[in-house]
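There are 2 protein chains.
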Amino acid sequence: MKAVTGPAGPDGAHPVTGLDEVVHQRVRLGILAITREARRVEFGYLRTQLELTAGNLSKHLSVLEEAGLIEVEKGYEGRRGRTWITLTPTGDTALSEEIGRLKQLIARVETTDTPEDR
Amino acid sequence: MKAVTGPAGPDGAHPVTGLDEVVHQRVRLGILAITREARRVEFGYLRTQLELTAGNLSKHLSVLEEAGLIEVEKGYEGRRGRTWITLTPTGDTALSEEIGRLKQLIARVETTDTPEDR
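Residue numbers (the working numbering), protein chains in the order written: chain A, 1 to 118; chain B, 1 to 118.
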């Protein structure tokens, strides 16, 4: 018995069930978005943009690297050690899928808004 | 020193820094979206729509209830115990803010797409 019915995906489940938590998590979504913008981004820039500690950023980068969504490369800029992050093709696709799902979700939330809600 | 520059929010931080993890988390975002659609939604319906175990759903409902975003009410439908969930005005506002932030994020990701990305 259903309390309510509403527009649903092809399998009847809600659009959020299609979101991948590896990609959807707030910090990781930010890493992927910034890395796509920049193509190749330096660790310190990500840290500043996302307002994170180095430890927290490293943890999320490891999750994304293990999932094959980014590549992490250590090198030097002059004498200073630098860590560079690039998006893999898999990561690019995963970000596009996340954006597509978010649009579905937004469309669904806004479809069910009625004037008295606002 | 910045490796790259790009469009940023008023404070220079990325739009994801404005996302609230209580609301953004995949399951909780689903609970809030479905509850807004339905106005008052039964536990079992949420569980089916979100493809969750009862324990997992309960855990996320507690987080939302403690944050004042939903109200949880236990009652009966005939002889069967039922749990009903409604969105509070704070929860409604929080969901609207999340949707607004997601739109900013999507706009930013799509602005930085160039034809050779696709």
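Here a beta-carbon is modelled for each residue, glycine too, at the ideal position from N, C-alpha and C.
{"Query": "Under the rule that 16 or more other beta-carbon atoms within 10 Å means buried, what is residue 15(B), buried or exposed?", "Result": "buried"}
{"Query": "Report yes or no: is there a C-beta of chain A within less than 8 angstroms of the C-beta of residue 70(B)?", "Result": "no"}
{"Query": "Please confirm if the stretch 60-68 of chain B is in contact with the stretch 25-44 of chain B, defined as three or more CB-CB distances below 8 angstroms between the two stretches.", "Result": "yes"}
{"Query": "Which first and last residues belong to the alpha helix (DSSP H) in which residue 52(A) is found?", "Result": "Taken as a continuous stretch (DSSP letters only), residue 52(A) belongs to no alpha helix (DSSP H), as it is neither H nor E."}
{"Query": "Cutting at 7 angstroms between CB atoms, please list the residues of its own chain near residue 90(A), excluding the five before and the five after it.", "Result": "68, 69"}
{"Query": "Verify the CB distance criterion: does residue 59(B) have a CB-CB separation below 8 angstroms to chain A?", "Result": "no"}
{"Query": "Can you give the Cα-Cα distance for residue 27(B) and residue 71(A), rounded to whole angstroms?", "Result": "28 angstroms"}
{"Query": "If I'm right that residue 109(A) touches residue 36(B) with Cβ under 8 angstroms, what's the distance once you round it to whole angstroms?", "Result": "7 angstroms"}
{"Query": "Assign residue 75(B) to one of three DSSP states: helix, strand, or coil.", "Result": "strand"}
{"Query": "Quick check: residue 23(A) and residue 105(A), are their CB atoms within less than 8 angstroms of each other?", "Result": "no"}
{"Query": "Alpha carbon to alpha carbon, how far is residue 87(A) from residue 46(A)?", "Result": "13 angstroms"}
{"Query": "Against residue 105(A), what residues of chain B qualify as contacts under a CB-to-CB distance less than 7 angstroms, listed in chain order?", "Result": "33"}
{"Query": "Would you mind telling me which residues of chain A sit closer than 7 angstroms to residue 13(B), beta carbon to beta carbon, in chain order?", "Result": "49, 51"}
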